[in-house]
Amino acid sequence: MSYRTIPLFLPLPALLASFYIFQLADAGRGIYLQQTIVAAIAFVLCFWFTTRANTGAQTNSSQRALKALFVTALLLYLPSVLALIKSDPTLAHRLLSLGGIRIYLAACLLPACLYLIAKIASNANQRQTLTAAIALILFALAMQTDAAQAMAFAGAIAFIIWRSGWTFAQITSITVLCIANLTLAWMREPNIAPVNYVEGVIQLASSQHLFAGITIGLVALILPTGLAWIAWKGQQPGIAAAALYYLIISACAFAQLTPMPLLGFGASPIIGYFLLAGLMRRD
């Protein structure tokens, strides 16, 4: 199996284990159906996207990545803008409602953002523009008051800029922005009761049997470990940053602060992962 194929199948253990979680939680058929349909559509779109002819000059790939990064950064503001217009509760600042599905935009877009940032970070001529894009993303996360996503993004950004040889002044500016964002996120983090088949998947499995809890915990580690292995083999900093992001998110999910990526119920982490996989395979 090639490095281009592995990302497509890396989330399979977590997706299959999700059905065991749903069974333990006595989830309705709609949960099973939605999860299956979202995963199938995301997989097909990822495969279709990466099998299209790659048009456009490779010399402009960094410019295209920068434009794509600004677009995704601006998309992160949609839930907050709509929530302010509708005067919705704080949680609505994280979610974008599309029919009966609520999209958690940070989980959808941040992995791809980190991959694009890592792709541009080594280009010294674009670092000021890249810093502005990172600041846009951090401000969007501050508006969403999402401590878990803020921590994961900050950790991955620290890895990227450390590896890319940024100057002390540039590192300091990003560090200050990250600390300010984390402080705001923790101060305004809403007290949301975890759902056992969303944020509490490991605890739910452990309540049945210790071995089940350990197994589900190991399944949760397959995604960040697999991405780290691919990054190490291919010397890909963008994939390494995504692996670190997923590792931190998984730790936060264990503390029931956020949904476990791809394990349990949630369309957004599935969409986010396959968007990342599409970028990985495209390159």
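Going by our numbering, the first residue of the sequence shown is number 46, and it counts up by one from there. Backbone N, C-alpha and C fix where the C-beta goes; we use that ideal spot for every residue, glycine too.
Which residue comes first and which comes last in the alpha helix (DSSP H) that contains residue i?
i, result
"S218", "213-232"
"A72", "Looking at the DSSP string, A72 is not in any alpha helix (DSSP H), and its letter there is neither H nor E."
"L119", "106-120"
"P269", "255-279"
"Q194", "192-208"
"T174", "172-189"
"F310", "Counting along the chain, F310 falls outside any alpha helix (DSSP H), and DSSP gives it neither H nor E."
"G123", "Residue 123 is actually Leu in this sequence, not Gly. Its alpha helix (DSSP H) spans residues 123-131."
Quick one: what's residue i bridged to in DSSP?
i, result
"S142", "R147"
For a test of the three-state rule: what should DSSP assign to residue i, helix, strand or coil?
i, result
"F54", "helix"
"P239", "coil"
"S295", "helix"
"G283", "helix"
"G245", "coil"
"Q301", "coil"
"S167", "coil"
"A98", "Because the pLDDT at A98 is just 44, under 50, the model does not fix this residue reliably, and the value given afterwards should be weighed accordingly. Here A98 sits in coil by DSSP."
Measure the Cβ-Cβ separation of residue i and residue j and say whether it is below 8 Å.
i, j, result
"G271", "C153", "no"
"V246", "L308", "yes"
"I162", "I148", "no"
"I294", "A193", "yes"
"I267", "A276", "no"
"V264", "A118", "no"
"E244", "P304", "yes"
"I182", "L175", "no"
"L292", "P314", "no"
"A87", "F319", "yes"
"A199", "L227", "yes"
"I224", "I216", "no"
"P312", "Q79", "Note on identity: in this sequence residue 312 is Ala, with Pro being the wrong assignment. In this structure, Q79 lies closer than 8 Å to A312 by Cβ."
Take residue i and list the residues in its own chain whose beta-carbon comes closer than 7 Å to its own, dropping the five residues that flank it on each side.
i, result
"L120", "L150, L154"
"L249", "I66, L69, A70, N241, Y242"
"L60", "A84, L307"
"S167", "S209"
"W211", "R172"
"T95", "G323, R326, R327"
"A98", "Note that A98 scores 44 on pLDDT, short of 50, meaning its location in the model is unreliable; the coordinates nonetheless yield the value given after this. Result list for A98: empty, nothing under 7 Å."
"A110", "L161, K164, I165"
"P56", "L268, L307, Y318"
Leaving out the 5 sequence neighbours to the left and right, which residues in its chain are closer than 6 Å to residue i when beta-carbon positions are compared?
i, result
"L229", "A187"
"F204", "A286, L289"
"W231", "A192"
"P282", "A163, R208"
"T260", "none"
"I76", "F67, F310"
"Y122", "A185"
"A126", "Before going on, a small fix: residue 126 reads as Val here, not Ala. There are no such residues."
"L222", "A180, L183"
Between which residues of its own chain and residue i is the CB-CB distance below 8 Å, once the five residues before and five after are set aside?
i, result
"P58", "V264, I267"
"T220", "A203"
"Q301", "P239, E244, G245, Q248"
"I51", "G271, I275"
"C297", "A192, A193, M196, A197, T303"
"Q253", "L69"
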